[in-house]
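As numbered in the working numbering, residues -19 to 532 make up the sequence shown, in order.
The beta carbon of each residue, even a glycine, is placed where N, CA and C say it ideally should be.
Okay, structure first, notes after.
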Amino acid sequence: MQVYPTRSAVHLALGGGLVVLAGIVLREAALLAWGGGVLFAIALARAAALVSVSRIRGAGFEMLWSTERRTISVARGTHIELKAEVRNRDTLAARYVHLRPVASTTLEVEVDPPTGEVPAGGRLHVSVRVATPRAGRHAIHGLSLEVQGSPGLFEVPLTFANPYGIEVLPRPFGTMLGSARGGRSRKGADLGVPGPAVGDGTELRELREHQPGDPFKRIAWRPSARRGQLLVRDFEREERDVVWVVLDASVELWAGPPGRAPLDFGIDEIASVAKYHLARGDRVGMVVVGGRVRALLEPDRGARHAQQLALGLVMGASTYDSDRTELEERDVAVRVLEHLRPLDHRLGEVQRHDLDRLAFRAEVALSKAPFVAPVPDAPSQRERVLRHYLAAFGIDSPPRTDPERARTDEAMARMLDRMAQRKPRPSLVHIWSPAPETQRQDLVRAVVKLRRQGCHVRWITAHQEESVQTGDTVVAKVVADAVVLRSRAARERGEKLLRRMGIRVERVRRGSLTLGHVEHTPAGGPDAARPSSPSVLRVTSSLGVPAPASKR
């Protein structure tokens, strides 16, 4: 149990120490006695604080959430409010000076009321307001109650662990997956196929029995009258596109404050493209590349596939693998031990260097985790268990600062080469990535192979300069401006290279694509048949006004 002195205690200790020092220098027994008495009183106050706080902890102080559900899925940028309560089973009231959330640093959390008193045998209702600027799996691990022991010279934080998982989905998918479904849409969602079939064909496939949710316009009245039961017409669906979306999730693209890093925007932008094609009934596949292929989903359609795409983007861009985070095994062990200690009383005997026992206790505690997470990559089984604990409880794992651009380009080129060999062949590939500064022969070869097969390639360039933070001083502003200019120049060079390769470069207005929706010229339209006039990605703002896309 950690004890922190208040400012008054620090001032008293300094005063008492100075008096003792003066008594020693001046050889005054009265000063020595007075200063020593002050220091002794401070020591007694610290012991009294430990006793009073130990009584509170032993009396059954606890923190509970108002609902039984321990996870929630929201769209990025959503503000939510959770309700919790702190119960005091002691016969004395407990006054606290600070109530702080113990949560992921990528969440913005406020607690109300921040100060107050928990009555004896009563409860305190707490509102926890959360902002979600970054997609991913995060958590509120509990609340920290700082109690002042008598006579108010020391503060003791009491952490009450009760994890609550917050799954933040890309903004477009969060809106779609959270919408109400009914009738045929609900039936289609359960089957994993799109609800209202966009562009149904005119050729009759069969007559079948009516099912709840089938539209009345498809009822075959005359055959139904002859058969004595309702029959509906099923038509052949028009052929749809096979679309791939490719996300560059290199760790250096996480640089920047939560919500303003390039990958924060990139996940939303590639999700908007995928959502548009799913709404058209196209089959959409997904690849997340970061040094290597991090996530791969074969082309499919429907609401279930949309959920898999959303989770694939979130988990594929995460930084729990050992080659994507700055945390070494011992750093991970420290975080696991600090988080697990309030949940498992048996950890009192486990030391930080005893990683084997810690990994065993962490694996047992995974059943209490709010998330079911895939096991991250790590050199040893013990380290995989410890990193799995971080992922399952939504504990922060900061990204590595070393860039992995070269390895990502190589992996992306290999993946594009495989796409050209897959069946069914892709008709459209969307790539979100910084524009390459130097020409890579393997990437050129893969793109040329796709284009020779009639596949259109669209490249959405990442705007890395938006994550640059401007300081308050003149020098900091000058440095920030120089970084922005350098980033823009590099992007321009990369876009020229892409156009030289025959790739259509799309620039997205920041805030339009992620807040609105995507419009796309149908691949089967008249322009799609001409290689010189490929389909153009357009952006519609949240107000419904088309925003022209830059075509280079």
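Taking the CA atoms as reference points, P137 sits about 41 Å from E384. Contact between V409 and M399 holds, with the beta-carbon distance rounding to 7 Å and staying under 8 Å. For S53, DSSP records a beta bridge to E147. Shown here for D397: same chain residues with a beta carbon closer than 6 Å to its own, the five before and five after excluded, namely A426 in chain order. Within the same chain, Cβ atoms closer than 7 Å to the Cβ of K429 are found at D397, A400, the five residues on either side in sequence being excluded. Out of G96, T71, W201, the CA that lies nearest to the CA of L79 is found in G96.
Between V316 and L293, the gap from beta carbon to beta carbon reaches 9 Å or more. For the 9 Å CB-CB criterion, P143 and A349 form a contact. Contact between P203 and L187 is confirmed by a C-beta separation of about 6 Å, below the 8 Å threshold. Counted as a single uninterrupted DSSP element, the alpha helix (DSSP H) harbouring P242 occupies residues 242 to 259. Ranked by how close their Cα comes to the Cα of V365, the residues A283, D382, D389, R310 have R310 in first place.
The alpha-carbon separation between T85 and L1 amounts to approximately 44 Å. Within the DSSP secondary-structure output, F196 pairs in no beta bridge. When beta bridges are read from the DSSP output, A83 appears opposite I120. DSSP, reduced to helix, strand and coil, places Y369 within a helical segment of the structure shown.
V108 has its alpha-carbon roughly 12 Å from the corresponding atom of V66.
Pairing G57 with A119 gives a Cβ-Cβ distance that is not under 9 Å.
Annotation for T388: the continuous alpha helix (DSSP H) segment containing it runs 385 to 401. M266 and L276 have their alpha carbons spaced roughly 6 Å apart. Listed in chain order, the non-local C-beta contacts of R281 below 8 Å within the same chain comprise V173, P174, R220, L258, G261, D262, R263, V264, local neighbours out to five positions each way being set aside. Between V82 and T139, the gap from beta carbon to beta carbon is short of 9 Å. A353 is not a Cβ neighbour of R50, given a cutoff of 9 Å. In the structure shown, the three-state DSSP call for E48 is coil.
The beta-carbon distance between V18 and V(-1), rounded to whole angstroms, is 7 Å. This is short enough to meet the 8 Å contact definition. At a Cβ-Cβ threshold of 9 Å, Y76 and V98 count as neighbours.
Excluding its 5 nearest sequence neighbours in each direction, R402 has no C-beta neighbour in its own chain below 8 Å. Look at I4 here: in three-state DSSP terms it is helix. Sequence-distant partners of A290 (beyond 5 residues in either direction) whose C-beta falls short of 8 Å from its own C-beta, in its chain, are L149, P150, F153, G154, L157, A251. H285 carries a helical assignment under DSSP once its states are collapsed to helix, strand and coil. Under DSSP, M481 forms no beta bridge with any residue. One alpha carbon belongs to S230, the other to R432, and they sit about 28 Å apart. Assigned with DSSP and collapsed to three states, L293 falls in helix. When the beta-carbon positions are compared, A141 and L327 stay at least 9 Å from each other. Bridge partners of W412 according to DSSP: L227, I440. Per DSSP, the unbroken beta strand (DSSP E) holding R263 starts and ends at 263 to 269.
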